[in-house]
Amino acid sequence: MHHIYRAEQWLPFPVDLVFSFFANPGNLPRLMPAWQKARIEKAVYAAPPARLGGATGLLLQGTVAGVGTRMTISFRPFPFSPVRVPWDAEITEFVWNEHFCDVQHRGPFSYWRHCHRLTAVSRLGGTGTRSDGTLLRDEVEYALPLGKLGELANELFVAQQMKSIFAHRQARTATLLPLAVGAR
Numbered sequence: 007m008h009h010i011y012r013a014e015q016w017l018p019f020p021v022d023l024v025f026s027f028f029a030n031p032g033n034l035p036r037l038m039p040a041w042q043k044a045r046i047e048k049a050v051y052a053a054p055p056a057r058l059g060g061a062t063g064l065l066l067q068g069t070v071a072g073v074g075t076r077m078t079i080s081f082r083p084f085p086f087s088p089v090r091v092p093w094d095a096e097i098t099e100f101v102w103n104e105h106f107c108d109v110q111h112r113g114p115f116s117y118w119r120h121c122h123r124l125t126a127v128s129r130l131g132g133t134g135t136r137s138d139g140t141l142l143r144d145e146v147e148y149a150l151p152l153g154k155l156g157e158l159a160n161e162l163f164v165a166q167q168m169k170s171i172f173a174h175r176q177a178r179t180a181t182l183l184p185l186a187v188g189a190r
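Start counting the sequence shown at 7; every next residue gets the next number (my numbering).
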């Protein structure tokens with residue numbers, strides 16, 4: 007059975023900066039919980055589309071992925087695990103400053119498709135002032151192996167772990183993105 011997990015986060019930065027941050031595969035391990043000890047084992051970067059940056063002309067430093075980029079990351083599936091789980095993924099859709107999606111070719115799920123969608127959004131603050139920023143929407147469609155046992159695992163801990171990991175990811179994004187912008 008396929009499940010869908012959705013998360014949203016508003017960030018006070020222009021779309022092109024947020025997109026560049028997430029399109030840099032090197033940031034992925036930094037967004038994952040420290041206990042997972044995630045690392046990139048192998049990466050084959052496809053050239054991104056020619057359009058770099060956006061209206062502001064700003065770009066963060068680092069590698070930028072594109073359609074066809076393939077990566078193998080490894081991570082610990084739970085705290086203190088002596089076992090590392092490999093995960094092969096490929097970016098299958100990539101539209102600058104709009105969205106990109108990756109799919110799992112090998113890993114812990116029987117199916118995985120994660121799309122990051124970005125939209126410029128103004129927000130009204132508590133003082134009545136408007137702030138421009140970016141709404142980041144994550145949508146993950148996933149299925150677990152092992153039939154009914156996988157469904158039970160989803161009910162017992164996987165769905166909750168998904169919420170926890172994305173909450174951590176949002177907190178790390180809020181911390182790391184300003185540092186990345188400031189380092190320019």
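Quick reminder that beta carbons are idealized off the backbone N, C-alpha and C, glycines included. Computed from a predicted model, the values in this text were never measured in an experiment.
Buried or exposed: where does isoleucine 79 fall if 16 or more other Cβ atoms within 10 Å of its Cβ makes it buried? buried
Could you tell me whether the stretch 14-33 touches the stretch 122-141, where touching means 3 or more Cβ pairs closer than 8 Å? yes
So, are the CB atoms of serine 116 and proline 151 less than 8 Å apart? yes
Please say whether valine 50 and arginine 82 have beta carbons closer to each other than 8 Å? no
Taking the alpha carbon of glutamine 176 as the reference point, which residue from Ala13, Gly156, Pro20, Val101 has its own alpha carbon closest? Ala13
Give every residue of the same chain whose Cβ lies closer than 8 Å to the Cβ of histidine 105, excluding the five residues on either side of it in the sequence, and list them in chain order. Glu99, Cys121, His122, Arg123, Leu124
Span of the beta strand (DSSP E) holding glutamate 157? Per DSSP, glutamate 157 belongs to no beta strand (DSSP E); it is in the alpha helix (DSSP H), 153-159.
Of the choices Met7, Glu96, Gln15, whose alpha-carbon is the least far from that of alanine 173? Ranking Met7, Glu96, Gln15 by Cα distance to alanine 173 puts Gln15 first.
Collapsed DSSP secondary structure at glycine 32 in the structure displayed: helix
Please classify glycine 132 as buried or exposed, where buried requires at least 16 other C-beta atoms within 10 Å of its C-beta. exposed
Would you check if the stretch 35-47 and the stretch 135-154 touch, i.e. whether three or more CB-CB distances between them fall below 8 Å? no
Just confirm the distance between the C-beta atoms of aspartate 94 and glycine 113, as a whole number of angstroms; I'd bet it's less than 8 Å. 6 Å
Hey, could you find the ends of the beta strand (DSSP E) phenylalanine 162 is sitting in? It is worth fixing the name first, because residue 162 is leucine in this sequence and not phenylalanine. It is not in any beta strand (DSSP E) - leucine 162 carries neither H nor E in the DSSP assignment.
Between valine 191 and lysine 43, what straight-line distance do the alpha-carbon atoms span, to the nearest angstrom? With the chain represented from 7 up to 190, any question about residue 191 goes unanswered, as that position is not in the structure.
Go ahead and label arginine 119 buried or exposed: buried means 16 or more other beta carbons lie within 10 angstroms of its beta carbon, across all protein chains shown. buried
Residues near tyrosine 193 by beta carbon distance below 6 Å, same chain, minus five either side: Since the first residue of the chain shown is 7 and the last is 190, residue 193 is not available in this structure.
In terms of alpha-carbon separation, which member of Trp102, Val164, Gly156 lies closest to phenylalanine 28? Trp102
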